[in-house]
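Asks: Heads up, the sequence shown is in my numbering, so the first residue is 564 and it goes up one at a time.
Glycine included, every Cβ here is placed at the ideal spot set by N, Cα and C.
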Amino acid sequence: MRSSRIRTIRTTLTATAALALVLVAPLAAPAAVPSPDAGSAASRTGDVEAAALTWSDEFDGPAGSAPNGANWNFETGGGGWGNNELQTYTDSRENSALDGNGNLVITARRSGSGYTSARLTTKGKVQPKFGRLEARIQIPRGQGIWPAFWMLGGQFPNTPWPNAGEIDIMENVGYEPHLVHGTLHGPGYSGGNGITGQYMHPQGWSFADTFHTFAIDWRPGSITWSVDGVAYQTFTTANTGANPWVFDQPFFFILNVAVGGNWPGNPDGTTQFPQSMVVDYVRVYDSQL
Ligand SMILES: [Ca+2]
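1) From Thr679 to Pro827, what distance separates their C-alpha atoms?
2) Just mark Trp781 as buried or exposed, buried being the case when its beta carbon has 16 or more other beta carbons within 10 Å.
3) Which of helix, strand or coil does DSSP assign to Asp772?
4) Kindly indicate which residue of Gln650, Trp635, Ala794 has the alpha-carbon position closest to the one of Asn829.
5) Between Val841 and Val820, what straight-line distance do the alpha-carbon atoms span, to the nearest angstrom?
6) Please tell me whether Phe637 and Met714 are closer than 8 Å, where the distance is taken between their beta carbons.
7) Could you tell me whether the Cβ atoms of His741 and Trp768 are closer together than 8 Å?
8) Could you tell me whether the region 751 to 764 touches the region 682 to 696, using the rule of 3 or more Cβ pairs below 8 Å?
9) Within a Cβ cutoff of 6 Å, which residues of the same chain sit near Pro691, ignoring the five residues on either side of it in sequence?
10) Could you check whether Gly823 and Glu648 sit closer than 8 Å to each other, using their CB atoms as the reference points?
11) Helix, strand or coil, according to DSSP, for Trp618 in the structure here?
12) Just to confirm, are Arg656 and Gly627 a CB contact at a threshold of 8 Å?
13) Please determine whether the Cβ atom of Phe816 lies at a distance below 7 Å from any heavy atom of ligand 1.
14) Could you round the C-beta distance between Ile730 and Ile669 to whole angstroms and report it? I think they count as a contact, below 8 Å.
15) Can you tell me which of the three DSSP states Gly645 falls into?
16) Distance check for Val743 and Trp618, CA to CA, integer angstroms please.
17) Considering only DSSP beta bridges, list what Phe814 is partnered with.
18) Quick check on DSSP: helix, strand or coil for Asn721?
19) Just reading off the alpha helix (DSSP H) that Ala801 is part of, what are its end residues?
20) Measure the alpha-carbon distance for Arg565 versus Trp724 and round it to whole angstroms.
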């Protein structure tokens, strides 16, 4: 989702999404090392303790079962997704399944000369507006691996990208194991001109080494990104300037692992498959649904 991440969604949509090339926001200095204890961000972030859980998927269920169809759709197919990505997304349990330990696992696999993976969305099913939105995720690793936890405006595709808006809560590309990116795309600020910033692991370690909680605190005219309770950037209507702020409306979630493409580059001899993104939960607090 960098450069112009124009995704063509096979079934219905002409879509997109993007991550931008330009790093606009300077990073906040790495803050105090977050507590390593397990548990939700609520245990670490004061303002969440009083927050009411609006919705969540905890991914409880038998090993090998499908993610809850009441919450999740599959977007399938290949063709590069507008970004020269290499994977073909499937609805197979080989690429997305519960692990029986309370996690959703999205797995990118080598398949012949190509790759398979999965991309799940909550479009039409779970479309929050405002609040605290977070997921606890252990991301995959390796050159050419591109995991993402992100959102598109609920009006998409009737309202085309980028006018419908895109909120990238977390993206990582394998050649930067210690960085995650948070980005907004909208009319006048999309693709390589998205409003974006990044967060470095406090110790400079790989985010793939363990679980981390990636969140936004989303209010009218303002979105703040955090990792493990450490806020690292806030974008507001001041950042979009004369261009419209298109984020005061419902958005749906997307979880996917892409392989290859313009931003991450392609896998090489160092990349090991399969690679899995393990999602403990997606939670929404104090939101409108
Ligand atoms: Ca869980």
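Replies: Concretely, from the data shown:
1) 16 Å
2) buried
3) helix
4) Gln650
5) 11 Å
6) no
7) yes
8) no
9) Val847, Ser850, Leu852
10) yes
11) strand
12) yes
13) no
14) About 19 Å; that fails the 8 Å criterion.
15) helix
16) 25 Å
17) Gly716
18) coil
19) 800 to 803
20) Any reading at Arg565 must be qualified, since the residue scores a pLDDT of 39, below 50, and its modelled position is unreliable; no value is offered.
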